[in-house]
Structures are given as C-alpha cells and as structure tokens.
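J.:
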Amino acid sequence: MDSYNPSEIEPKWQAIWDKEGLYRAVDEDDGRPRFYALDMFPYPSGDLHVGHAEAFGIGDTLPRYKWMRGYNVLHPIGWDAFGLPAENAAIERGVNPRQWTYQNIDEQRQTFKRYGMSFDWSRQFNTCDPEYYRWTQWLFLQLFRAGLAYRKLAPANWCPKDQTVLANEQVVNGRCERCDTLVVRRDLTQWFFKTTAYADRLLDDMELLEGGWSERVLAMQRNWIGRSNGAEVEFEIAETGDRVPVFTTRPDTLWGVTFFVFAPEHPLVGRLAETGGTAEPVKDLQDRLQRADASERDGDSREGIALGVHAVNPVNGEKIPCFVAPYVLMEYGTGAVMGVPAHDQRDFEFAGQHGLEIRVVIQPESREVDPGEMTEAFAHEGVMVRSGPFDGTRSPDSIQAVIAWLEEQGKGRAATSYRLWDWLISRQRAWGAPIPIVHCPSCGEVPVAEEDLPVLLPDDLDFTPHGQSPLAKHEAFVNVDCPSCGGPGRRETDTMDTFVDSSWYFLRYTSPEEQSLPFSPQGVERWMPVDHYTGGINHAILHLLYARFLVKALYDLGLVKFLEPFTTLLNQGMVIWEGRMFSKSRGVVVEPSPLIERWGADSIRLAMMFAAPVEDDLDWATVSVAGVHKWLGRVWRVVHEVASRPASPAAADESLEHGSGPAERLRRAVHRTIKEVTADHERVAYNVAISRLMVLTSEVQDAVGAGVGTVLLREAAESLVSLMAPMAPHVAEELWREALGHPETVVFGPWPQWDEDLARDEEVTMVVQVNGKVRDRITVGAAADEEECRTRALASPRVQSFLAGRGIDQVIVRAPKLVNLVVRP
RNA sequence: GCCGGGAUGGCGGAAUUGGCAGACGCACCGGACUCAAAAUCCGGCGCCCGCAAGGGCGUGGGGGUUCAAGUCCCCCUCCCGGCACCA
335 MDSYNPSEIE PKWQAIWDKE GLYRAVDEDD GRPRFYALDM FPYPSGDLHV
385 GHAEAFGIGD TLPRYKWMRG YNVLHPIGWD AFGLPAENAA IERGVNPRQW
435 TYQNIDEQRQ TFKRYGMSFD WSRQFNTCDP EYYRWTQWLF LQLFRAGLAY
485 RKLAPANWCP KDQTVLANEQ VVNGRCERCD TLVVRRDLTQ WFFKTTAYAD
535 RLLDDMELLE GGWSERVLAM QRNWIGRSNG AEVEFEIAET GDRVPVFTTR
585 PDTLWGVTFF VFAPEHPLVG RLAETGGTAE PVKDLQDRLQ RADASERDGD
635 SREGIALGVH AVNPVNGEKI PCFVAPYVLM EYGTGAVMGV PAHDQRDFEF
685 AGQHGLEIRV VIQPESREVD PGEMTEAFAH EGVMVRSGPF DGTRSPDSIQ
735 AVIAWLEEQG KGRAATSYRL WDWLISRQRA WGAPIPIVHC PSCGEVPVAE
785 EDLPVLLPDD LDFTPHGQSP LAKHEAFVNV DCPSCGGPGR RETDTMDTFV
835 DSSWYFLRYT SPEEQSLPFS PQGVERWMPV DHYTGGINHA ILHLLYARFL
885 VKALYDLGLV KFLEPFTTLL NQGMVIWEGR MFSKSRGVVV EPSPLIERWG
935 ADSIRLAMMF AAPVEDDLDW ATVSVAGVHK WLGRVWRVVH EVASRPASPA
985 AADESLEHGS GPAERLRRAV HRTIKEVTAD HERVAYNVAI SRLMVLTSEV
1035 QDAVGAGVGT VLLREAAESL VSLMAPMAPH VAEELWREAL GHPETVVFGP
1085 WPQWDEDLAR DEEVTMVVQV NGKVRDRITV GAAADEEECR TRALASPRVQ
1135 SFLAGRGIDQ VIVRAPKLVN LVVRP
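Numbering of the first sequence is given in the working numbering, commencing with residue 335 and proceeding in unit increments.
1. Where in the stretch 594-654 do unbroken runs of the beta strand (DSSP E), each at least 3 residues long, occur, reported from the N-terminal end onward?
2. Tell me which residues share the same chain as residue 730 and place their Cβ nearer than 8 Å to its Cβ, disregarding the 5 neighbours each side in the sequence.
3. For the stretch 1086-1101 against the stretch 1140-1152, are there 3 or more C-beta pairs whose distance is under 8 Å?
4. From which residue to which residue does the alpha helix (DSSP H) around residue 978 run?
5. Which two residues bound the contiguous beta strand (DSSP E) that contains residue 435?
6. Which residue spans inside the stretch 339-368 form an unbroken alpha helix (DSSP H) run of at least 4?
7. How would you call residue 1123, buried or exposed, if buried means at least 16 neighbouring beta carbons within 10 angstroms?
8. Going by Cα to Cα distance, which pick from 589, 601, 610 and 643 is closest to residue 675?
9. Between which residues of its own chain and residue 909 is the CB-CB distance below 7 Å, once the five residues before and five after are set aside?
10. Which residue or residues does DSSP assign as beta-bridge partners of residue 823?
11. Where does residue 1089 land, buried or exposed, given buried means 16+ other C-beta within 10 angstroms?
12. Note down the Cα distance separating residue 1107 from residue 1141, rounded to an integer number of angstroms.
13. Using the rule of at least 16 other Cβ atoms within 10 Å of the residue's Cβ for burial, across every protein chain shown, is residue 1026 buried or exposed?
14. Go ahead and label residue 392 buried or exposed: buried means 16 or more other beta carbons lie within 10 angstroms of its beta carbon, across all protein chains shown.
15. Can you tell me the Cα-Cα spacing of residue 1061 and residue 514, whole angstroms?
16. Is residue 1098 helix, strand or coil when you go by DSSP?
17. Buried or exposed, going by whether 16 or more other CB atoms sit within 10 Å of the CB of residue 711?
18. With burial defined as no fewer than 16 other Cβ atoms inside 10 Å of the residue's Cβ, what is the status of residue 325: buried or exposed?
19. Under a Cβ-count criterion, where at least 16 other Cβ atoms within 10 Å of its own Cβ denotes burial, should residue 819 be classed as buried or exposed?
20. Between the C-alpha atoms of residue 629 and residue 509, what's the straight-line distance to the nearest angstrom?
21. Leaving out the 5 sequence neighbours to the left and right, which residues in its chain are closer than 7 Å to residue 1076 when beta-carbon positions are compared?
22. So, are the CB atoms of residue 636 and residue 686 less than 9 Å apart?
23. What first and last residue would you give for the beta strand (DSSP E) that runs through residue 769?
24. Among the residues of its own chain, which have a CB less than 8 Å from the CB of residue 679, if the five just before and after it don't count?
25. Compute the Euclidean distance between the alpha carbons of residue 572 and residue 691, then round it to the nearest angstrom.
26. Which residue comes first and which comes last in the beta strand (DSSP E) that contains residue 582?
27. Does the Cβ of residue 1113 have 16 or more other Cβ atoms within 10 Å, making it buried, or fewer, making it exposed?
28. Using a Cβ-Cβ cut-off of 6 Å (strictly less than) and excluding sequence neighbours within five positions of residue 945, which residues of its own chain qualify?
29. What separation, rounded to the nearest whole angstrom, lies between the Cα atoms of residue 485 and residue 661?
30. Between the Cα of residue 1023 and the Cα atoms of 1039, 1057 and 681, which residue gives the shortest distance?
31. Would you report the Cα separation of residue 1020 and residue 868, rounded to the nearest angstrom?
32. Just the C-alpha distance for residue 378 and residue 460, rounded to the nearest angstrom, thanks.
33. Exposed or buried, what is residue 1125 when buried is set at 16 or more other beta-carbons lying within 10 Å of its beta-carbon?
34. Find the nearest neighbour of residue 574 within the set 764, 491 and 603, judged by alpha-carbon distance.
35. Count the other CB atoms within 10 Å of the CB of residue 800; is the residue buried (16 or more) or exposed (fewer)?
36. So does the stretch 433-442 actually touch the stretch 788-803, counting three or more Cβ pairs closer than 8 Å?
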C-alpha cells in the first residue's frame, strides 16, 4: 500500500471523470428523478481564492449526494463575464477586455477542475458571448414591449471614478460599491426596468419561499421593498387652489395636523414661494442643497422656511402654514407631508424649532398628555380625541375606519408606499450588452428587430472614460438606419447593468444550445425551478431580487410557468481573513494552488466544511487543513488494511455478530452513522457529518485491532467511503475503485442503507437523577421497560446514598434513558 | 428606532423532540517510537475545592414554568446583519 498522496490520485480521477462524462445532466427522461443544483456563477476577475473554494466546495457536495441517491442532476457552470474590471484593465493596461476575460476564464476553469468540481462542462457559457447577450437583448425587447422597460430623466447616482451611473443598490453609504468613491447626483436620461410594478408580488410571493430561504434573506428582501400601508390625503393650497396629496401611515392623526411641509425639490415649491413672497430665501435653500453632496446633508437638521402660503386640512377645513424643509424627501411618498408634531418625532422637533402649535389627538388611557410638558412626540396607542366623528375611538385600531371615512367623504384613499425603486439598468460603459434601441428623430425609441439581434459590440473601441459609453465615440456603431422608417438614426449607446445578464442565466443552462429562443420551453419545463441554489449572502438582495423580478415578468409574458426561480437557497458564509473578506482588488487573497499542491483538493474542501456550519462566516485562521488531512490519512490506511485482509470464514463473522463484542459494536456504529450522516447531508450539516465520520473511522480502527471478521469490516469501510464521497470525491473514488475493488464509480452510489434496528443501540446508558442531578449511570437493555428501569435505579447503592432515607415523592421514568427520583429536601 | 439572526471551554463548534452539556477538531500539556527531528501512535485537557475518592459550580445577565431548561415563557445586556429624516 502506498501512502495517501493526493497529488497523484486527484489529477488521475479528474481525467477519468472527464473522459467518462459522469457529470453530464441527462435531458431525456431516464427514469431518475431530476435535481437542479446551481452555484452562483463567478465573475472571472483573475484566479480563484479560497473564498471560492469554500463556496464551490459546499455547492459541489449536495449534487454529488443526490447523484448517489439516484437523481439525474443538473449542475452547470458558466461565467458572469461582462463588467467593469475587464474594462478597467483595458483602460489601465491597454489590453482587450475580451481577451482579458477569456484568459481569466481559462485560468478559473483549470482551477475548478483541480478542485474536482462536478460541473457539466458541456453547458458552460459566458454572458459576454454574442450567443448569450443576443438573448439578454431579446429579453430587454420583450420587457420594452410589455411597458416594463422605459427611459426617463431622473436624478442618478454618478460615480466620478468609474464614469458611470450606478443603481441605487450599488451605492453603499453614499459611495460606489465597487471603488468606494463618493457618488454625486446627476440628472440623466436613463433606462429603467419597472420593478415597482412587481413590488407587491415580490413581497407576497415570499410566502412560497418560507422554509426554503433563510429568515435573514427574506427579512433583507422585505426591508428592501419596504412596503408601508396607509392613506393618501389631498390638501388644497388656500391661495392657489393647487391640490397636493400626502402619504401617511397615520391617518388617525389627521386632526392633529398643524402645518404642512414640502420637500425642497417639490415641483410646486417655486411657484408657491412666488405667491407667498418668499421666492428668494427658498431659492437660496434649494441652491445650497443642490450643491451639497448627498452625504453632506445634515440628517438631523430641522431647518425650514415658511412659504407664506397655507394648506387646508380636508378633515376640518383649518388653514395651516406651509413650509419647505430638507427633512422631507422628494424620493419617498409624494414629496410633501402633513405635520403632526404631537405624534411624530420629526414633526415635533420641527414644531419646536419654528414655534408651531402641538395638538394632542391621541390620548393614552392612563394619563393626560399636556402639549406644554411634552419632551417628545407621543407615538403609542391611545384614544382619539379632538377628532370630530372619531372621538373616543381606539388608535391605531381606528386607522382602517378613518380610511373608510376619508374614501366616503372623497378626501383620501387607502394607499401603499414602497421603498423600492425602479431598477436603473443603463450603464455608460462598453463592456456590457448593448441596449437594442435606435433613436430616430421621427419615430422616437425604436426597438431593433429581433432577427437583427445581437447588436454586436465592436472590437475596436477607445476605452478612455469621458462620461459617455466608449460606444458613443464609435461612429460605425452609432450611425444606423431607423428600423421603422429607414431614416438616419442613432443607436443607443448605454449598455445593460450586468445584473441583467445574471437575472436569467439559470434558464439558459437548461438548453444552452437553443437557437431560436433564450431557453427552450422543454428545457425549462424539465429542470426549473432550481431545486438548490448556493451562493454568498452578499447577493441576498440585488441579484436575487432582480432574478425574481425577471421570472415574474416572464411568467406574465407566458414564457415560464413558475413564479419563483429558486426553491431553496443556501447562503454560505464568507471567508474572512485578518478581519476582511477576500478580495483581489484589495490584495486580500490566499491562492488555492499552493494549498492544492501541498494538501490536495479533498483536504481543502473538507477543512472548510468542517470548520463551521456552511452558513456561518469562516475565519481562515481557524481552518485546519492539516487536521482533516491527518484524518484522510487514517481513512486511507484503515480502508487499505481492511481491503487487504484475507477473507475470514463466514462463521467467524457470524459468531461475532451476536452479543456485545467488538463486532456487534462496529455493526451498530456503522448503521447509526449511516442514518445520522444521511440526515446531515439532507440538512447540509457537513461539519457534523465529518465529525461523525471521524468517529466511525476510529471505530473501524478499533475493530481491526479487536480482530473483527472481514465481512463486517468491509461493510464498515465501504460505508465510510460512500458517506464521505460527496465531500472528498477523489480519495473516496480511489478507495472505492482501487482499494475496495469496485469496477464502477462511487459517484452514482449506491448510497448505503441502514437497518433501523441496528441503528438503535442494543444497550443504553441510563441516567439516574436525584432531584434532577445525575447520581449514577447504569447500563440497561434498549428494550428495558419502565418497571425495570425503576427497579434498577432504586437498587443502585450510589443512588441510595443520596436518598439518605428520605421519602421519595415522585419517580419520573423515561425508559430506557432516564430515571429521576424526586425527594423532599 | 424598526426588522431578522445570535451569545456554549483557550479557539472553531456539537447537543434532530425539554432528559448525560462540551461530540469532533484545533491549540496546549504529558508519554511512546527516534541518535535527533518530522511523521505516526497513546493519554490528559470547562471552572473551583481535594493527594484521591468525591463534591460544588457551569451554556451572556435576571426572573419564571417544569420532576428536569443550552433548548419553553417574560425582562435585560451585548454582538452580527438589513432598513432608516421612509412620513
């Protein structure tokens, strides 16, 4: 027997697996149930780091387990190959982004192969391939025709460094998610997808995901959508007759309104200021805010300027003063709010600063609230007072009644407001899918004909950033005839956000050769939805929300028949090193290749899965590759030891099968472990599964030492190898085929079966407690009944000494595991 | 502030249903083998008292339910994540 040498066996099996085509998904019905296991596809920026090793190692385990359990598994891989880093490389080093990307893909593919990933390589594609982005463009056209893709002038987040707009989602703390540059506001005409049209469904359909997605991710999506229910109420401006709606979640406080506030950017503000004679100070305020960076706005300021006009409260006809104040945001609700200082903290502070009346209309039941004494707004429940027809009604229960009354009176209506915005998909960059639109002076925005797709990216672009896509400088690209009238037109030069590419790639895997549609109906019918999706928590919102949105849009277009793309979602934790995430751009990288050379891929995969539960973040410092490597050495030796033993006479095994000798002990350990590790695979508790297999390894070693017969030893060794195969595929395959002599691969199982009787221990340790404290442990038969347990417990001298002659009040028996004697103190 | 998730030895973590807390591993300590080292193997390892036998304490803190609580209930502290002048 040679010693365990992964650098020899790993490349060997990788080559054989490749040749045998084991990991190809079978499209035809072959009688096996189907399973679609997907990993979030990687962005090919340089080589992989150990963060990838963790993510993809975890993602590789379930499909392998499913194969062994008899499933026909689709486990594809591809590349999210458009995006800024390729273009930045082009700018900084003059390389062609296509070449740069394809070179990185080659490198990553090699590394994946050295990890022994069970991908179906026959289905791989790159999103930057014209055969792929052609269909990204096609999907854009479908959304455009459905009115879900549109262009508007909007304030956009502009990153001065990357020279492009960013989606709201890509701005973190006022900075560019990618390069950390302070983002500025710019008004630009941009393309959007109408995600808000699906806000309710994105929220309500999460019901379908309960149980399959973590509470954490569901909560993040819920927060992101940010639905709040309330009412829209119209106020009239007394001096001009303008009708201004406000959104409120507290229509029950309408009788407490004492002022009215506009956001500085509100379109009516300029005109109202003219009317009120306050045009000059208001203009000054607007200009000052316009110049200020979003991040410089004082979050706590309650400054504001009286407009000199008044609003009429529709519920009581009162005239109240109007203000303009930066604490009211144009982006949320209607850009104007009713001021209820008694019951809203911000309004309370504003009223204090500007000497406005505080009128209490919700009174707590236990005490009187005196406006003069208040130090903060009263935002709790109470009884409505000074509220006309609603006096004496309990709030907030009364909110629905107030809304009904408003509707009846024609003064307002139930309304819902969302935090979610429409998805800004325009990017002024060239390494992305061109938006297939032609601007025509006479026809407007004209979609490119489907048969003319793809709109190809030219290969000879000048990448110097100058605020427009490099495509805009490429005359041959830009100048084009209008597809509608044939007159001269200009091609749209924005490209699509790369999140568009990744919002449908999982559909393409089901039929990557499809020529007439982005995905074939049969392929999607066959494989979708994804049964198990593995990826980082960092994509908990954006990617998953966009993919969910797109699938719902496709559902409405009749292109798919399911509402949610990912049935179960596994968000593996991130690998942290010296307090930070791995990131090539920040120089925090542990290269996997030297680790593979030293320890082998199996050890690295196991080490990461063993170090923590899959969903927890993992500190690289706590990962002990040496520890699991040592274990694999033990497995290697003991399996070879078992395999090399001459067959013992069956009688020898049989004689050992009875009683409680080492043979019996081994047998029960094997069956118990099969049962438990099977459950661990089902619940992706790989750290626990590995620890159980370590224990089983010791059991087998002990049994070898105790002279247990070959039949049982072999059953144990084969079970051990099978159970570890999904996590350590190379060593398992080597031991299965070479040491144990199976002609067939271990990849397709069979998964070991357990005998329920054997999985239960024959003897158990019964705990005897006195007043809840463990006083003795007695070995009893697993079948011991209540009476036997009671008798044995009372017979224990150790227990007797703790009873000390005191009377026994109660005897609790949970046969056969526990007896608790309750005595008086 | 609101929402979600957590807190278990020196460290990572285990404990499927309320029933032996600390599996498994790392680190550390001791031993075997060795000229020596590496590798490998054996043993120890929650805290306190004790030579030991043994006993007491112990799952962030406080209360409660229960024969029995890491697990259930109430209150609190802290940590992580999301959202946040969101009307």
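Glycine included, every Cβ here is placed at the ideal spot set by N, Cα and C. Every value quoted in this text rests on a predicted model; they were computed, and no experiment measured them.
T.: On the basis of the data shown:
1. 639-646
2. The residue you call residue 730 lines up with position 396 of the first sequence. These residues qualify, in order along the chain: 584, 586 and 715.
3. Enough Cβ pairs lie closer than 8 Å, so yes.
4. Indexing the first sequence from 1 puts residue 978 at position 644. Start and end: 959-978.
5. Your numbering for residue 435 matches position 101 in the first sequence. Here residue 435 belongs to no beta strand (DSSP E); instead the alpha helix (DSSP H) covers 431-449.
6. DSSP runs (the alpha helix (DSSP H)) wholly in the stretch 339-368: 340-354.
7. Numbered from 1 along the first sequence, position 789 holds the residue referred to as residue 1123. It counts as buried.
8. Translated into the one-based positions of the first sequence, residue 675 becomes position 341. Across the set 589, 601, 610 and 643, the C-alpha of 589 shows the shortest separation from the C-alpha of residue 675.
9. Taking the first sequence and counting its residues from 1, the one referred to as residue 909 is at position 575. Counting only Cβ-Cβ distances below 7 Å, and skipping sequence neighbours, we find 384, 385, 388, 916, 952 and 954.
10. Translated into the one-based positions of the first sequence, residue 823 becomes position 489. According to DSSP, residue 823 bridges with 814.
11. In the first sequence, residue 1089 corresponds to position 755, counting from 1. Residue 1089 comes out exposed.
12. Residue 1107 sits at position 773 when you count from the first residue of the first sequence. Residue 1141 sits at position 807 when you count from the first residue of the first sequence. Roughly 17 Å separates the two Cα atoms.
13. For this step, residue 1026 is matched to residue 692 along the first sequence. Buried.
14. Translated into positions along the first sequence, residue 392 becomes position 58. Buried.
15. On the first sequence, residue 1061 is found 727 positions in, with the first residue counted as 1. On the first sequence, residue 514 is found 180 positions in, with the first residue counted as 1. Going from the Cα of residue 1061 to the Cα of residue 514 covers about 38 Å.
16. Mapped onto the first sequence, residue 1098 falls at position 764. Strand.
17. The residue you call residue 711 lines up with position 377 of the first sequence. Buried, since its Cβ has 16 or more Cβ neighbours within 10 Å.
18. Outside the displayed range of the chain (335 to 1159) lies residue 325, so it cannot be described from this structure.
19. On the first sequence, position 485 is the one that residue 819 refers to. With fewer than 16 other Cβ atoms within 10 Å, it is exposed.
20. Locating residue 629 in the first sequence gives position 295, counting from the first residue. Locating residue 509 in the first sequence gives position 175, counting from the first residue. Residue confidence for residue 629 is low, a pLDDT of 48 falling below 50, so the modelled location carries little weight; the figure read from the coordinates is stated next. Cα-Cα distance, rounded: 9 Å.
21. Along the first sequence, one-based indexing puts residue 1076 at 742. So the qualifying residues of the chain are 1070.
22. Counted from its first residue, the first sequence places residue 636 at position 302. Counted from its first residue, the first sequence places residue 686 at position 352. Yes.
23. By 1-based counting over the first sequence, the position of residue 769 is 435. Per DSSP, residue 769 is not a residue of any beta strand (DSSP E), being assigned neither H nor E.
24. The sequence position of residue 679 within the first sequence is 345, counting from 1. Excluding positions up to five away in sequence, the list reads 710, 711 and 713.
25. Within the first sequence, residue 572 is the residue found at index 238, counting from 1. Within the first sequence, residue 691 is the residue found at index 357, counting from 1. Their Cα atoms are separated by approximately 19 Å.
26. Looking up residue 582 in the first sequence gives position 248. Here the beta strand (DSSP E) through residue 582 covers 577-582.
27. Here the question's residue 1113 lines up with position 779 in the first sequence. Exposed is the call here.
28. Locating residue 945 in the first sequence gives position 611, where the first residue counts as 1. For residue 945, where only same-chain residues beyond five positions count, the Cβ hits under 6 Å are 952, 956 and 957.
29. By 1-based counting over the first sequence, the position of residue 485 is 151. By 1-based counting over the first sequence, the position of residue 661 is 327. Using only the alpha carbons, I get a separation of about 29 Å.
30. Reading the first sequence from its first residue, position 689 is the one you call residue 1023. Nearest option by C-alpha distance: 1057.
31. Taking the first residue of the first sequence as 1, we reach residue 1020 at position 686. Taking the first residue of the first sequence as 1, we reach residue 868 at position 534. So the alpha carbons of these two residues sit roughly 14 Å apart.
32. In the first sequence, the residue the question calls residue 378 occupies position 44. In the first sequence, the residue the question calls residue 460 occupies position 126. Those two C-alpha atoms are separated by around 10 Å.
33. Walking along the first sequence from the start, residue 1125 turns up at place 791. By the 10 Å Cβ count, residue 1125 comes out exposed.
34. As a working note, residue 574 is residue 240 in the first sequence. Ranking the options by Cα distance to residue 574, first place goes to 603.
35. Position 466 of the first sequence, counted from the first residue, corresponds to residue 800. Flag for residue 800 reads exposed.
36. no
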